[in-house]
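**Q** Here it is: the structure, laid out below.
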Amino acid sequence: MDEYAWISLLAGFMAGICEVIVGFPFDTIKTRMQVSPKGGDGGPSYRGPWHCIITTLRMEGVSGFYRGIVPPLVQEAFGVALLFGARDWLREHLDASLANPPALVFSCCIIGLAESVLYCPLDLLKARMQVKSALSSDDSHVGRLGSPSPKPPKIPGAHRKHSHAEPDPAGMIRCAQEVIKARGWRGLYSGYPIQVAKEMLGNVALFCTYDLVLSICGGADPNGPGHGHPTGQSWLAIWPAGSLAGMAYYLVNFPLDTIKTRLQTDSLHNPKYRSSAHCVWKVTQQECTFFELYRGLSLCLARAIPGSAVQFFVFESCFRTFSEPGLFLAKIQNWPSMAELIQSAPERPIPRALQRINSTLVRQSLGTSPG
């Protein structure tokens, strides 16, 4: 792997962390709305995004919006690093750009296939943790939120000031243990075919939109370092390009995400869905209309405006910082060694207290007594 691919990996790692911090509250509300079905009286558990936000804030506090953040932090840090690193490598070696659409689509699909290996188990844990506080203690009610009445669902043991929820790492481990115990290791990859399709379609929309907006707003230098990164005035286009790319990503794959979320939050012991194909058929034919598959989309579009813009801006900024001027790896190689730092440090007298301690240790090692 060449030097610029390594720089893309590091820049993507930082960009993924920043995107999660900015956008995760939107994802929590989106997930809760996706798995909140219609109640017996025909009314949904959550009447809309604002009702879900207010309910979560009142019952769990601000921390409720960040429940389950550990899996996506890991997922996005390494996943976005893989995403951008692989994109730049494939762009260099396959000429995957708007000028060569088949290569661009092929590259996006290959990246999506690789991403899904990491994303699927982490998405499953994240989704189950996000809806955990709104689930009843009976696992047969997994994915069925609260009461169908218009009042906010009661959450056992969840109070704004006295919540005893497990810390995220402990909760993630406990959740993984429950899934593995009930379904084995394969249970962590429930919905994998849907995940692959989601990532493939999303990546095509993401990078095609981003590159298209950059080219319209001044263009990125295809022959410069990194091949296709913004230069000159096109830096001003990173924010709208990133936002529009994120919105395109969600618009294309949101129905698949809804189906995948319902499958991954299904009961472990009394599942409604037998497989990914059965879930697709049942959700699309019996449970949801076409528009209901897009329930919660507004939250994702709202998340994409700051989240994707921050992700692309941090990535491009880090890439430029590490690669210009000079080579990032060359800079690291030219850093002074520890021995050089010690030799260049100014000589200072050793304090008397340290001298006495050193003398005592020497005498003890020699078996002599102070004279």
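Numbered per UniProt numbering, the sequence shown spans residues 1 to 371. Idealized CB from N, CA, C, for every residue including glycine.
Between CYS288, VAL105, LEU212, which lies nearest to MET200 when the distance is taken from Cα to Cα?
**A** Along the sequence shown, read from residue 1 onward, the residue named residue 200 stands at position 200. Cα-wise, what sits closest to MET200 is VAL105.
**Q** Cα separation between ASN253 and GLY202?
**A** As a first step, residue 253 must be located in the sequence shown, where it is residue number 253. As a first step, residue 202 must be located in the sequence shown, where it is residue number 202. Using only the alpha carbons, I get a separation of about 6 Å.
**Q** Tell me whether LEU98 sits in a helix, a strand or coil according to DSSP, three-state version.
**A** Locating residue 98 in the sequence shown gives position 98, where the first residue counts as 1. Note: LEU98 maps to coil in three-state DSSP.
**Q** By alpha-carbon positions, which one of VAL310, PRO230, TYR294, ALA245 ends up nearest to THR31?
**A** As a working mapping, residue 31 is identified with position 31 in the sequence shown. Here the closest residue by C-alpha is TYR294.
**Q** Closer than 8 Å is the cut-off here; do at least three beta carbon pairs connect the stretch 186-196 with the stretch 109-124?
**A** Short answer: they touch.
**Q** Note down, in chain order, each residue of its chain lying with its Cβ closer than 7 Å to the Cβ of ILE7, except the 5 sequence neighbours on either side.
**A** Locating residue 7 in the sequence shown gives position 7, counting from the first residue. The answer, listed in chain order, is PHE319, PHE322, SER323, PHE328.
**Q** Measure the alpha-carbon distance for THR28 versus ALA245 and round it to whole angstroms.
**A** Taking the sequence shown and counting its residues from 1, one reaches residue 28 at position 28. Taking the sequence shown and counting its residues from 1, one reaches residue 245 at position 245. Approximately 21 Å, taken between the alpha carbons.
**Q** Identify, in the order they occur along the chain, each residue of the same chain with its Cβ nearer than 6 Å to the Cβ of ALA127, setting aside the five sequence neighbours on each side.
**A** Residue 127 sits at position 127 when you count from the first residue of the sequence shown. The residues are THR31, THR261, GLN264, THR265.
**Q** Evaluate SER275 with the Cβ neighbour count: other Cβ atoms within 10 Å of its Cβ, from every protein chain shown; 16 or more gives buried, anything less gives exposed.
**A** Numbered from 1 along the sequence shown, position 275 holds the residue referred to as residue 275. Its Cβ having fewer than 16 others within 10 Å, SER275 is exposed.
**Q** I'd like to know whether the C-beta atoms of GLN311 and ALA5 end up nearer to each other than 8 Å.
**A** Here residue 311 corresponds to residue number 311 of the sequence shown, with the count starting at 1. Here residue 5 corresponds to residue number 5 of the sequence shown, with the count starting at 1. Contact: no.
**Q** To the nearest angstrom, report how far apart VAL35 and CYS52 are at their CA atoms.
**A** By 1-based counting over the sequence shown, the position of residue 35 is 35. By 1-based counting over the sequence shown, the position of residue 52 is 52. So the alpha carbons of these two residues sit roughly 12 Å apart.
**Q** Can you list, in chain order, the residues of its chain whose CB lies under 7 Å from that of GLU316, leaving out five sequence neighbours each side?
**A** Here the question's residue 316 lines up with position 316 in the sequence shown. Excluding sequence neighbours, GLU316 sits near HIS229, PRO230, ILE238.
**Q** Between ILE54 and VAL20, is the Cβ-Cβ spacing less than 8 Å?
**A** Numbered from 1 along the sequence shown, position 54 holds the residue referred to as residue 54. Numbered from 1 along the sequence shown, position 20 holds the residue referred to as residue 20. No; because the gap between Cβ atoms is not below 8 Å, this pair is not in contact.
**Q** Helix, strand or coil for GLY202 per DSSP?
**A** Here residue 202 refers to the residue found at position 202 when the sequence shown is read from its first residue. DSSP places GLY202 in helix when its eight states are reduced to three.
**Q** Are the Cβ atoms of ARG67 and GLN130 separated by less than 8 Å?
**A** For the purposes of this step, residue 67 is taken as the residue at position 67 of the sequence shown. For the purposes of this step, residue 130 is taken as the residue at position 130 of the sequence shown. Contact: yes.
**Q** Report yes if the CB atom of LEU256 is closer than 8 Å to the CB atom of ILE194, and no otherwise.
**A** Locating residue 256 in the sequence shown gives position 256, where the first residue counts as 1. Locating residue 194 in the sequence shown gives position 194, where the first residue counts as 1. Yes, Cβ-Cβ distance for LEU256 and ILE194 is below 8 Å.
**Q** What number of angstroms, rounded off, separates the C-alpha of ALA165 from the C-alpha of THR56?
**A** Taking the sequence shown and counting its residues from 1, the one referred to as residue 165 is at position 165. Taking the sequence shown and counting its residues from 1, the one referred to as residue 56 is at position 56. Its pLDDT being 46, under 50, ALA165 is placed unreliably in this model, and the coordinates cannot settle the point.
**Q** Do PRO306 and VAL22 come within 8 Å of each other at the CB atom, strictly closer than that value?
**A** To locate residue 22, count along the sequence shown from 1; it is residue 22. To locate residue 306, count along the sequence shown from 1; it is residue 306. Their beta carbons are under 8 Å apart, which means VAL22 touches PRO306 by this criterion.
**Q** Spatial neighbours of CYS18 within its chain, please: CB distance less than 8 Å, with the 5 preceding and 5 following residues excluded, ordered by chain position.
**A** Here the question's residue 18 lines up with position 18 in the sequence shown. So the qualifying residues of the chain are VAL310, GLN311, VAL314.
**Q** Have a look at SER116, TYR273, GLU60 and flag the residue whose alpha-carbon is nearest the alpha-carbon of PHE78.
**A** Position 78 of the sequence shown, counted from the first residue, corresponds to residue 78. Comparing Cα positions, the closest option is SER116.
**Q** For a quick check, are the C-beta atoms of TYR249 and LEU212 less than 8 Å apart?
**A** Here residue 249 refers to the residue found at position 249 when the sequence shown is read from its first residue. Here residue 212 refers to the residue found at position 212 when the sequence shown is read from its first residue. Contact: no.
**Q** If you measure from the CB of TYR249, is any heavy atom of the ligand ATP nearer than 7 Å?
**A** For the structure depicted, the ligand ATP is absent and the ligand set is empty, with no information on it obtainable.
**Q** Near ALA197, which residues of its chain fall below 7 Å by C-beta distance, leaving aside the five closest residues on each side in sequence?
**A** Stepping through the sequence shown from its first residue, residue 197 is reached at position 197. Result list for ALA197: LEU256, in chain order.
**Q** In whole angstroms, what separates the C-alpha of LEU90 from that of ALA96?
**A** Translated into positions along the sequence shown, residue 90 becomes position 90. Translated into positions along the sequence shown, residue 96 becomes position 96. One C-alpha to the other measures close to 6 Å.
**Q** Cα-Cα, which of GLY48, VAL283, PRO102 is closest to VAL204?
**A** Walking along the sequence shown from the start, residue 204 turns up at place 204. When only C-alpha atoms are compared, the closest one is PRO102.
**Q** With distances taken Cα to Cα, identify the nearest neighbour of MET247 among VAL283, TYR273, GLN285, CYS208.
**A** Along the sequence shown, read from residue 1 onward, the residue named residue 247 stands at position 247. Here the closest residue by C-alpha is CYS208.
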